[in-house]
Amino acid sequence: MIPVMPKDDCLEAFRKMLLIRRLEEACIDAAQEKRVPGHFHVYIGQEATGVGVISALDKGDFIYSTHRNHGHLIARGADPGMTLAEILGKSGGYAGGKAGTLHGCAPDLNFPLSSGIVASIIPIAAGTAYAMKQRKLPYVSAVLFGEGAMEEGAAYEALNIASLWKLPVLFICENNSAEVDRKPGGGQYHAPNNSIIEITDLARVMGMTTVIIDGLDLDAVWTGARDARARAIRGEGPTFIEVRTDTWPGGQWPTLVTGRTDIRHAWTNEVPSQYAKNAKWFTRNDPVLSVARKLLMLGIAGKEELQKIDISVSHQMAGAVEFANQSPYPPAEDAYAHVWPT
Amino acid sequence: MAETMFGVTKIKAVGDLMRRDENVVIIGGANFGGLLHSQYIKPLFDEFDDRILRTPSAELGFCGLAVGAAIAGLYPIVTIGTGSFAFEAWPQIVNEAPNITYMSGGKVKVPVMFHALVGIRISGAAQHSARPQAMLMQAAGLQIIAPSRASDVGPLLQAARESERPTFWIDHALLFEETGGVEPGPIPALGKAAIVRRGKDVTLVGYSIDLVRCLKAAAKLEKAGIDAEVIDLRTLCPLDSDTICESVGKTGRLVIADECYPAASVASEIASIFTDKGWGLLKKPVKRLNFPAVPVPLSPPLELHLIPTVDKIVAAAKQLMN
Ligand SMILES: Cc1ncc(C[n+]2csc(CCOP(=O)(O)OP(=O)(O)O)c2C)c(N)n1
Numbered sequence: 001m002i003p004v005m006p007k008d009d010c011l012e013a014f015r016k017m018l019l020i021r022r023l024e025e026a027c028i029d030a031a032q033e034k035r036v037p038g039h040f041h042v043y044i045g046q047e048a049t050g051v052g053v054i055s056a057l058d059k060g061d062f063i064y065s066t067h068r069n070h071g072h073l074i075a076r077g078a079d080p081g082m083t084l085a086e087i088l089g090k091s092g093g094y095a096g097g098k099a100g101t102l103h104g105c106a107p108d109l110n111f112p113l114s115s116g117i118v119a120s121i122i123p124i125a126a127g128t129a130y131a132m133k134q135r136k137l138p139y140v141s142a143v144l145f146g147e148g149a150m151e152e153g154a155a156y157e158a159l160n161i162a163s164l165w166k167l168p169v170l171f172i173c174e175n176n177s178a179e180v181d182r183k184p185g186g187g188q189y190h191a192p193n194n195s196i197i198e199i200t201d202l203a204r205v206m207g208m209t210t211v212i213i214d215g216l217d218l219d220a221v222w223t224g225a226r227d228a229r230a231r232a233i234r235g236e237g238p239t240f241i242e243v244r245t246d247t248w249p250g251g252q253w254p255t256l257v258t259g260r261t262d263i264r265h266a267w268t269n270e271v272p273s274q275y276a277k278n279a280k281w282f283t284r285n286d287p288v289l290s291v292a293r294k295l296l297m298l299g300i301a302g303k304e305e306l307q308k309i310d311i312s313v314s315h316q317m318a319g320a321v322e323f324a325n326q327s328p329y330p331p332a333e334d335a336y337a338h339v340w341p342t
Numbered sequence: 343m344a345e346t347m348f349g350v351t352k353i354k355a356v357g358d359l360m361r362r363d364e365n366v367v368i369i370g371g372a373n374f375g376g377l378l379h380s381q382y383i384k385p386l387f388d389e390f391d392d393r394i395l396r397t398p399s400a401e402l403g404f405c406g407l408a409v410g411a412a413i414a415g416l417y418p419i420v421t422i423g424t425g426s427f428a429f430e431a432w433p434q435i436v437n438e439a440p441n442i443t444y445m446s447g448g449k450v451k452v453p454v455m456f457h458a459l460v461g462i463r464i465s466g467a468a469q470h471s472a473r474p475q476a477m478l479m480q481a482a483g484l485q486i487i488a489p490s491r492a493s494d495v496g497p498l499l500q501a502a503r504e505s506e507r508p509t510f511w512i513d514h515a516l517l518f519e520e521t522g523g524v525e526p527g528p529i530p531a532l533g534k535a536a537i538v539r540r541g542k543d544v545t546l547v548g549y550s551i552d553l554v555r556c557l558k559a560a561a562k563l564e565k566a567g568i569d570a571e572v573i574d575l576r577t578l579c580p581l582d583s584d585t586i587c588e589s590v591g592k593t594g595r596l597v598i599a600d601e602c603y604p605a606a607s608v609a610s611e612i613a614s615i616f617t618d619k620g621w622g623l624l625k626k627p628v629k630r631l632n633f634p635a636v637p638v639p640l641s642p643p644l645e646l647h648l649i650p651t652v653d654k655i656v657a658a659a660k661q662l663m664n
């Protein structure tokens, strides 16, 4: 696979995927020490989606996300130290500690906000696309959300409007419970809750181009997003992309149930005995290992090169953790700042 | 320990109501508690499996569904989850349910109970910390209950059921593990506030989590030689101005703790009583402790700075005594 992305882009994408993994591992470490305020959601298992989509975007494009935004920020090039500081509620974060994990943003990178309200972000992304169109700017708006968002009315309204007015928007639906039997009506978190079986059917009846992509296939995600962006710029309207991944077994209270990622598993194909219960993660579902294997297979990188990337990423992450830990909490009077634009 | 927890008593009260009345159903995607409390709620959900409609995350849809079910003979208790999610269902909660009886000349009833865990839950940040109660007080035709003490939940649920009025149950995310307040004794009717501590120096008014804070403040004030009277509002609509006036008539001093924003809040509504009905009862200005008018920040020191804490209530009461 990976025949389309240029070699350097492949390696950079892999580096970002690994950086996301290391950031989430650091988050989980901090949470073990009760230093992460509030409930948080990690991006482990979905790295190829965020990185694939966002690598295909232009600097002028806008990105919107949800409660599961850490990976999207890093994919966009956000500073991992500032990202982590924000998650910890520190003054060194992108929002000075006001946003935290739920509302990650990097405004300078055209990443204005993440909404913690399921589906609420989708119409906002469509509105930015309208602004792009109205102002005749050659940019698109991309929004990444979970399949749960397709249970809310806001999603339908936004899809309809975007398709009706051919707005340049990419709807990226991250279906991270692809392994769940898609029998309608389960009524639970991480279970199918829609009367339809194929989520993309909903967008198709609204006249949108739809695509279903395997979330382990970085190249397919990148290509899908690139093509969708081109269609949007040509005035052909929105694309609805469903990217499917299996649920990472680390669960609702994120715990390192699959250990700390060891890149060598990509070529040793070993499943550490303590993680035997989650063998499928090592053999198939881990996007980081999966992409590493493809890079090796296609001769794009050798083991040494991958290990070098790992060392450099781990070094960068250590600096980020240091920065976030050293960053002070904001002083109490900061609470009153930024209610209004200054 | 667990038996005396507010949350456990609350779940039992819901179960009792469901056992007495087969038309009571639960509709919603959420729980009566946070994720940490599912163990206490599971038995209820197991017992009434076929009377629970587990919905998609579709607040607008399922709140409307509950309104329709209420019109046709069911009594739905709607678990909206976090209070902020009520905004997703606002059209049904404030523009449909409360208007229907009036719009039908009194002929159509909408006996429905919306339930949400509102409030500053600690580290919920801006979009998971809403206190929608003051806004809900602007929906004429909507009854609002806000029990703070476990002993009140069953009677208020029963009374709301019998009233056949659309009702919003303001529950607080932090109340679940509170253990005070299962005291025996007469339980006031729906619409009556309760004097939960007698005192002569200063009146502290609260509801939901702020009532718990008022009681803790009263205990601290006692040590400082200040005898506080504490009023639990129990319901926000109707709002029992008589009991408040009676108490302030005695103490002449009033502190109100209310997590809502200051403008058009529960506290400002209570303060307004003293511009007419309670005119002349005060010896000192009213102290209103609200959450200042800023979105809820994530960072713990910022959030803590803004909450009407026990210490702030104590300080306000002391100031009034000087
Ligand atoms: C309007 C609203 N209702 C309910 C919730 C509670 N909630 C938080 S995450 C979530 C599930 C989201 O699932 P999905 O969109 O598939 O994203 P995932 O967590 O699987 O990435 C729910 C229901 C919410 N945040 N907002």
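Protein chains in written order, with our numbering: chain A, 1 to 342; chain B, 343 to 664.
For glycine and all other residues, C-beta sits at the position ideal for the given N, C-alpha and C.
| Query | Result |
| --- | --- |
| For A158(A) and R371(A), the rounded distance between their alpha carbons | Chain A is shown from 1 up to 342; residue 371(A) falls before or after that span and cannot be answered. |
| 3 or more residues per run - each beta strand (DSSP E) lying fully within the region 408-457 of chain B | 417-424 |
| Neighbouring residues, chain B, relative to L306(A) (Cβ below 9 Å) | Those within 9 Å of L306(A) in chain B number zero; the least Cβ separation is about 36 Å. |
| Own chain residues within Cβ distance below 6 Å of A458(B), not counting five before or after | I422, G425, A428 |
| Closer than 6 Å: E305(A) CB and nearest ligand 1 heavy atom | no |
| Under 9 Å from the C-beta of V339(A): neighbouring residues of chain B | A635, V636, P637 |
| Contact set between I117(A) and chain B, taken where Cβ atoms lie within less than 9 Å | S426, F427, F429, E430, Q469, H470 |
| Any C-beta of chain A under 7 Å from that of L402(B) | yes |
| Close Cβ partners of V384(A) (< 6 Å) along its chain, the five nearest in sequence each way excluded | Any question about residue 384(A) goes unanswered here, given that chain A covers just 1 to 342. |
| Distance CB(T245(A))-CB(G45(A)) smaller than 7 Å | yes |
| Cβ pair L167(A), P80(A) closer than 7 Å | no |
| Endpoints, the beta strand (DSSP E) within which G665(B) is located | The question about residue 665(B) has no answer here: the residues shown for chain B are numbered 343 through 664. |
| Chain A within 7 Å of P385(B), Cβ atoms only | no |
| Beta-ladder partner(s) of Y139(A), from DSSP | Beta-bridge pairing links Y139(A) to no other residue. |
| Any non-hydrogen atom of ligand 1 closer than 6 Å to E179(A) Cβ | no |
| Cα-Cα separation, W248(A) to W281(A) | 8 Å |
| I317(A) versus E236(A): straight-line alpha-carbon distance, rounded | It should be pointed out that residue 317(A) corresponds to Met in this sequence rather than to Ile. C-alpha separation (whole angstroms): 41 Å. |
| Member of I263(A), R284(A), C173(A), G302(A) whose CA lies at the smallest distance from the CA of M17(A) | I263(A) |
| Paired residues, beta bridge with I241(A) - DSSP | I172(A), V211(A) |
| Rounded distance between the beta-carbons of A126(A) and L170(A), thought under 8 Å | That belief does not hold up - the Cβ atoms of L170(A) and A126(A) are roughly 11 Å apart, past 8 Å. |
| Range covered by the beta strand (DSSP E) that runs through A536(B) | 536-539 |
| Residue environment, H70(A), which counts as buried when at least 16 other CB atoms sit within 10 Å | buried |
| Bridge partner(s) assigned by DSSP for Q500(B) | Note: Q500(B) sits in no beta bridge, so no partner. |
| The region 324-333 of chain A / the region 368-384 of chain B touching (three or more Cβ pairs under 8 Å) | no |
| Bridge partners - Y64(A), DSSP secondary structure assignment | L113(A), V143(A) |
| Ligand 1 heavy atom lying under 6 Å from the CB of A26(A) | no |
| Contact check, L102(A) vs G116(A), beta carbons under 7 Å | yes |
| Near-chain B residues of the region 84-109 of chain A (beta-carbon distance less than 7 Å), N- to C-terminal order | G89, G97, K98, A99, G100, L102, H103 |
| The region 569-578 of chain B / the region 528-542 of chain B touching (three or more Cβ pairs under 8 Å) | yes |
| Neighbourhood of A515(B) by C-beta, 6 Å cutoff - its chain only, sequence neighbours within 5 removed | L459, G461, R463 |
| Integer Cβ distance of Q500(B) from L359(B), believed to fall under 8 Å | 7 Å |
| Min CB distance E152(A) to chain B below 7 Å | yes |
| Alpha-carbon spacing of D494(B) relative to A502(B), whole angstroms | 12 Å |
| Beta carbon of V454(B) nearer than 7 Å to that of A412(B) | yes |
| One or two residues paired with T397(B) in a DSSP bridge | According to DSSP, which records beta bridges pairwise, T397(B) is partnered with nothing at all. |
| Nearest candidate by alpha-carbon position, reference S471(B), set Y603(B), I655(B), P627(B), G620(B) | Y603(B) |
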